[in-house]
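Protein chains in written order, with the numbering used here: chain A, 233 to 292; chain B, 3 to 451.
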């Protein structure tokens, strides 16, 4: 997993986030790199959603 | 002659309705920038995506829609409806601009296309301007418009919760445990978008309707990896399949055409196998909500006209107000015979998810809100002229149907309201004679100035 994907996972472990909040936190990353990293996070199959549409890490 | 997406951009520019932006733009910012532009926007340089251009907000006003249709603003619906009576069969071509570049295998990577982020609470970047084609062995080809949320370089979510022919096709494949092949054309003329939005009978091919709108056949080309055909002049095509997983993957929220941030929905996943595009492609994104609303309006209006004519009622004018997103309200004036005010309401309320219908006589200008209010005030008795239909088909994005209480893949119902604002039977027309100024045709104010 790329360092950016690992960072996103850590942020989601800390608290649920809207997708745009994750984007805001990584405005310095290239958009295409961010999308690839997000794809890695998605593929890890650990994401859930809360009632406001925020992404969160599913409990095991 | 059939016009292309690029022809429409040229028409907009000639009419002073297109603004070119030369400075390189970040895809995270394009939606907010288009929202600030009075004209349609054309970005000539995209950061990180050399060779790509991007256009948005093309039909965000009725004026620009009318320009696309080649008609006046009030005649858009009649123009669309007339084309339904003369569909034109598409032709198949061997070589196509949309396949000038072919990306297969590992190169079929969704991050290689300029996927924009649109709204604050969206579940991800979205492709919003799509013509999605699919086939069913029994019912044939279908073209619809469905949004795609980025998930991974090879997968997107797709909003398939509302009733549609493609939803039925998918369900039938799901019952067989098989995927449904689809192809997604992006960057096509508004006629293809309008045809895709029209709820045609299941055995009617929307490509034929688009041909009728153009007055010339669409040129289609066979896809590279699926047994489907797409418009040859599309800017970009995604080919692949809807996985047979049912309504089980999170999709949304998305800034909906109802002007509301929607909810998380449960939907299938689209897996991309091949991406093709033109040289120097132009990515088109539909700016929500206005562009979607203005594209919805003529489709809803044409369906209303058709429903009225099928009920042997003579419509004079029709309007799907943009305040109802061009979708949920229909107002029509008719040349009425006894009883037809109510018949017209029943016909209009049968259209898709229309939940408010108002019918007036043909002396009312339904495009003038004051004239419409006048008819509602003096021609309506609530105990006689209002009908309510409960338990009709609803749409998820309307919060009042409480779709969140449904299970995954569940379909909501709605109540529908009809108001007959025609002159009631039994009231002589003389009671509705408008006041007239004495001497109106004889004296002129300018003679006294």
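Ideal Cβ positions, reconstructed from N, Cα and C, are used throughout, including at glycine.
Would you mind telling me which residues of chain A sit closer than 8 Å to residue 257 of chain B, beta carbon to beta carbon, in chain order?
Counting from one through the second chain, the residue named residue 257 of chain B turns up at place 255. Chain A residues near residue 257 of chain B: none, gap ~11 Å exceeds 8 Å.
Limits of the alpha helix (DSSP H) - the one that residue 199 of chain B falls within:
In the second chain, the residue the question calls residue 199 of chain B occupies position 197. Residues 192-199.
Taking the alpha carbon of residue 401 of chain B as the point to measure from, which residue in B/443, B/442, B/441 and B/266 has its own alpha carbon closest?
Taking the second chain and counting its residues from 1, one reaches residue 401 of chain B at position 399. Minimum Cα distance to residue 401 of chain B is reached at B/266.
Residues that residue 254 of chain B contacts on chain A, provided the C-beta gap is smaller than 8 Å
Position 252 of the second chain, counting from 1, holds the residue named residue 254 of chain B. Near residue 254 of chain B (Cβ distances below 8 Å), the residues of chain A are 285.
Within chain B, partners of residue 262 of chain A - CB distance below 8 Å:
The count along the first chain starts at 1 and reaches residue 262 of chain A at position 30. Per Cβ cutoff of 8 Å: 50.
Bridge partner(s) assigned by DSSP for residue 82 of chain B
Here the question's residue 82 of chain B lines up with position 80 in the second chain. Paired residue(s): none; residue 82 of chain B is not in a bridge.
Could you confirm whether any beta carbon from chain B is found closer than 8 Å to the beta carbon of residue 252 of chain A?
Translated into positions along the first chain, residue 252 of chain A becomes position 20. At least one C-beta of chain B is nearer than 8 Å to the C-beta of residue 252 of chain A.
The region 382-402 of chain B: which residues have C-beta closer than 7 Å to a C-beta of chain A, in chain order?
none
Taking 8 Å as the CB-CB cut-off, is residue 124 of chain B touching chain A?
Numbered from its first residue, the second chain carries residue 124 of chain B at position 122. It does; some Cβ of chain A falls within 8 Å.
Using the beta-carbon of each residue, which ones in chain B are nearer than 8 Å to residue 278 of chain A?
To locate residue 278 of chain A, count along the first chain from 1; it is residue 46. None at all; the shortest Cβ gap to chain B is about 13 Å.
How would you call residue 246 of chain A, buried or exposed, if buried means at least 16 neighbouring beta carbons within 10 angstroms?
Here residue 246 of chain A corresponds to residue number 14 of the first chain, with the count starting at 1. So residue 246 of chain A counts as exposed.
How big is the Cα-Cα spacing for residue 273 of chain A and residue 309 of chain B?
In the first chain, the residue the question calls residue 273 of chain A occupies position 41. In the second chain, the residue the question calls residue 309 of chain B occupies position 307. Cα to Cα, the separation comes out at about 49 Å.
Less than 8 Å separating the beta-carbons of residue 190 of chain B and residue 7 of chain B?
The sequence position of residue 190 of chain B within the second chain is 188, counting from 1. The sequence position of residue 7 of chain B within the second chain is 5, counting from 1. Yes. Within cutoff.
Strictly below 7 Å CB to CB, what residues from chain B border residue 275 of chain A?
Translated into the one-based positions of the first chain, residue 275 of chain A becomes position 43. 154, listed in chain order.
Mind checking if residue 267 of chain A is an interface residue toward chain E, Cβ cutoff 8 Å exclusive?
No chain E appears in the structure shown, which is made up of the protein chains A and B.
Please report the residue range of the beta strand (DSSP E) in which residue 390 of chain B lies.
Translated into the one-based positions of the second chain, residue 390 of chain B becomes position 388. The continuous beta strand (DSSP E) containing residue 390 of chain B extends over residues 388-395.
Secondary structure, beta strand (DSSP E): runs of 3+ residues fully inside the region 181-241 of chain B
The DSSP assignment places 182-188, 221-224 and 231-233 as complete runs of the beta strand (DSSP E) inside the region 181-241 of chain B, in order along the chain (cut-off: 3 residues).
Endpoints, the beta strand (DSSP E) within which residue 317 of chain B is located:
In the second chain, the residue the question calls residue 317 of chain B occupies position 315. Where residue 317 of chain B is concerned, the enclosing beta strand (DSSP E) stretches over 316-321.
What are the boundary residues of the beta strand (DSSP E) that includes residue 255 of chain A?
The count along the first chain starts at 1 and reaches residue 255 of chain A at position 23. No beta strand (DSSP E) holds residue 255 of chain A; the alpha helix (DSSP H) holding it covers 251-257.
Note down, in chain order, every chain A residue with its Cβ under 9 Å from the Cβ of residue 119 of chain B.
Here residue 119 of chain B refers to the residue found at position 117 when the second chain is read from its first residue. Simply 251, 252, 255 and 263.
Inside the region 318-380 of chain B only - beta strand (DSSP E) runs reaching at least 3 residues
331-337 and 358-363
Pairs of beta-carbons, one from the region 277-295 of chain B and one from the region 88-105 of chain B, closer than 8 Å: are there three or more?
yes
Short CB-CB distance (under 8 Å) between residue 242 of chain A and chain B:
Taking the first chain and counting its residues from 1, one reaches residue 242 of chain A at position 10. Under the Cβ criterion of 8 Å, residue 242 of chain A is not counted among the residues facing chain B.
Neighbour-count burial assignment, residue 65 of chain B, 16 or more Cβ in a 10 Å radius:
Taking the first residue of the second chain as position 1, residue 65 of chain B is located at position 63. Exposed is the call here.
Mapping the DSSP letters down to three states, classify residue 410 of chain B as helix, strand or coil.
Here residue 410 of chain B refers to the residue found at position 408 when the second chain is read from its first residue. If DSSP states are grouped into helix, strand and coil, residue 410 of chain B belongs with coil.
I'd like to know whether the C-beta of residue 109 of chain B is nearer than 8 Å to at least one C-beta of chain A.
In the second chain, the residue the question calls residue 109 of chain B occupies position 107. Not an interface residue.
Any chain A beta carbon closer than 8 Å to residue 1 of chain B
With chain B covering only 3 through 451, there is no way to say anything about residue 1 of chain B.
If you check the beta carbons only, do residue 276 of chain A and residue 122 of chain B fall under 8 Å apart?
Counted from its first residue, the first chain places residue 276 of chain A at position 44. Counted from its first residue, the second chain places residue 122 of chain B at position 120. Contact flag unset, no.
If we cut at 8 Å on Cβ distances, does residue 350 of chain B have a partner in chain A?
By 1-based counting over the second chain, the position of residue 350 of chain B is 348. So no, residue 350 of chain B is outside the interface.
Relative to the alpha-carbon of residue 27 of chain B, which residue among B/42, B/39 and B/46 has its alpha-carbon at the smallest distance?
For this step, residue 27 of chain B is matched to residue 25 along the second chain. Answer by Cα proximity: B/46.
Are the beta-carbon atoms belonging to residue 349 of chain B and residue 313 of chain B less than 8 Å from one another?
Locating residue 349 of chain B in the second chain gives position 347, counting from the first residue. Locating residue 313 of chain B in the second chain gives position 311, counting from the first residue. Closer than 8 Å, so yes.
Does the contact criterion of 3 or more C-beta pairs under 8 Å hold for the region 253-268 of chain B versus the region 395-411 of chain B?
Contact holds: three or more Cβ-Cβ distances are below 8 Å.
Alpha helix (DSSP H) runs wholly inside the region 254-286 of chain A, at least 4 long, in chain order
263-275
Which whole-angstrom value is the C-beta distance of residue 281 of chain A and residue 249 of chain A, which I expect to be below 8 Å?
Residue numbering aside, residue 281 of chain A sits at position 49 when the first chain is read from its first letter. Residue numbering aside, residue 249 of chain A sits at position 17 when the first chain is read from its first letter. Actually they are not in contact, since the Cβ atoms of residue 281 of chain A and residue 249 of chain A sit about 11 Å apart, beyond 8 Å.
Do you know offhand how far residue 22 of chain B's Cα is from residue 277 of chain B's?
As a first step, residue 22 of chain B must be located in the second chain, where it is residue number 20. As a first step, residue 277 of chain B must be located in the second chain, where it is residue number 275. Computed Cα separation, rounded: 27 Å.
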